[in-house]
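**Q**
Residue numbers (the working numbering): 4 to 181.
(1) To the nearest angstrom, report how far apart residue 124 and residue 142 are at their CA atoms.
(2) Give the DSSP-derived three-state secondary structure of residue 43 in the structure shown.
(3) Looking at C-beta atoms only, is the number of pairs between the stretch 42-55 and the stretch 96-110 that lie closer than 8 Å three or more?
(4) Could you have a look at residue 79 and say whether DSSP puts it in helix, strand or coil?
(5) How would you write the range of the beta strand (DSSP E) that residue 38 sits in, first residue to last?
(6) Considering only the alpha carbon of each residue, which of 14, 99 and 168 lies closest to residue 35?
(7) Which term fits residue 24, buried or exposed, when burial requires 16 or more other beta carbons within 10 angstroms of its beta carbon?
(8) Per DSSP, what kind of secondary structure is residue 56 in: helix, strand or coil?
(9) On the three-state DSSP scale, how would you describe residue 19?
(10) With a cut-off of 8 Å on the beta carbons, I'd call residue 8 and residue 92 a contact; round off their distance for me.
(11) Can you tell me the Cα-Cα spacing of residue 88 and residue 40, whole angstroms?
(12) Does DSSP put residue 13 in a helix, in a strand, or in coil?
(13) Could you pull the DSSP bridge partners for residue 26 from this structure?
(14) What does the Cβ neighbour count give for residue 126, buried or exposed, with the cut at 16 atoms within 10 Å?
(15) Could you check what DSSP says for residue 8 in three-state terms: helix, strand or coil?
(16) Quick check on residue 144: does DSSP put it in helix, strand or coil?
(17) Going by beta-carbon coordinates alone, are residue 32 and residue 12 separated by less than 7 Å?
(18) Where residue 156 and residue 137 are concerned, what is the direct C-alpha to C-alpha distance, given to the nearest angstrom?
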């Protein structure tokens with residue numbers, strides 16, 4: 004809770020036990036408790052405060068009213084509500100800060116799956132490119148091989164038919180060569 008919204012530190016009636024005082028440190032209740040002041044303590048404190056104010060010093064040490072009746076008039080419910088309101092404001096502020104930091108953290112992190120899928124897609128693209136290159140090379144090789152093979156076969160057939168035509172007897176050339 005912000006200190007500007009909280010009551011000043013001092014002794015206040017204990018919200019759990021109205022017969023004693025509890026120390027409020029300005030931000031939260033402490034475990035320090037004490038009995039309600041006697042009339043003599045209140046009178047002594049009032050005299051000290053008068054002397055201090057006459058000397059020009061500010062009072063330090065917390066809230067103590069001038070009489071025991073003033074303690075009975077303090078509305079602990081009102082103090083508790085003030086503390087609750089300040090706490091709610093601080094919780095709302097802290098929740099806003101947490102949300103802002105969480106949003107910034109979410110935006111700054113990339114999920115691990117994206118780095119792995121990026122690697123997988125990169126390897127897939129490389130493999131696909133290699134497959135395309137190999138396929139194109141195979142087709143070029145097959146076309147070249149087919150063309151040269153067909154040319155070779157065509158040349159052999161041409162040579163064979165030329166030899167047949169030179170002999171004049173096509174069947175004799177086949178049987179004599181075989």
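For each residue, glycine too, the CB sits at the ideal point set by N, CA and C.
**A** With the structure as the only source:
(1) Within the chain shown, numbered from 1, the residue matching residue 124 stands at position 121. Within the chain shown, numbered from 1, the residue matching residue 142 stands at position 139. Residue 124 and residue 142: Cα-Cα distance of roughly 27 Å.
(2) Within the chain shown, the letter at position 40 stands for residue 43. Here residue 43 sits in helix by DSSP.
(3) no
(4) Reading the chain shown from its first residue, position 76 is the one you call residue 79. Of the three classes helix, strand and coil, the one that applies to residue 79 here is helix, per DSSP.
(5) Counting from 1 along the chain shown, the entry for residue 38 is found at position 35. Looking at the DSSP string, the run of the beta strand (DSSP E) that includes residue 38 is 32-38.
(6) Along the chain shown, one-based indexing puts residue 35 at 32. For residue 35, the nearest C-alpha among the options comes from 14.
(7) Taking the first residue of the chain shown as position 1, residue 24 is located at position 21. Residue 24 should be labelled buried.
(8) Along the chain shown, read from residue 1 onward, the residue named residue 56 stands at position 53. In this structure, residue 56 counts as helix in the three-state DSSP scheme.
(9) Translated into positions along the chain shown, residue 19 becomes position 16. If DSSP states are grouped into helix, strand and coil, residue 19 belongs with coil.
(10) Numbered from its first residue, the chain shown carries residue 8 at position 5. Numbered from its first residue, the chain shown carries residue 92 at position 89. Indeed they touch by this definition, with Cβ atoms about 6 Å apart.
(11) Residue numbering aside, residue 88 sits at position 85 when the chain shown is read from its first letter. Residue numbering aside, residue 40 sits at position 37 when the chain shown is read from its first letter. Distance between the alpha carbons of residue 88 and residue 40 is about 29 Å.
(12) By 1-based counting over the chain shown, the position of residue 13 is 10. Reduced to three states, the DSSP call for residue 13 is strand.
(13) Here residue 26 is taken as the residue at index 23 of the chain shown, counted from 1. The partner list for residue 26 (beta bridge, DSSP) reads 14.
(14) Locating residue 126 in the chain shown gives position 123, where the first residue counts as 1. Result: exposed.
(15) Within the chain shown, numbered from 1, the residue matching residue 8 stands at position 5. It is coil, neither helix nor strand.
(16) Indexing the chain shown from 1 puts residue 144 at position 141. The answer is helix: DSSP assigns residue 144 an H, G or I state.
(17) Counting from 1 along the chain shown, the entry for residue 32 is found at position 29. Counting from 1 along the chain shown, the entry for residue 12 is found at position 9. Their beta carbons are not under 7 Å apart, which means residue 32 does not touch residue 12 by this criterion.
(18) Against the chain shown, residue 156 aligns to sequence position 153. Against the chain shown, residue 137 aligns to sequence position 134. If you take the alpha carbons of residue 156 and residue 137, they lie about 27 Å apart.
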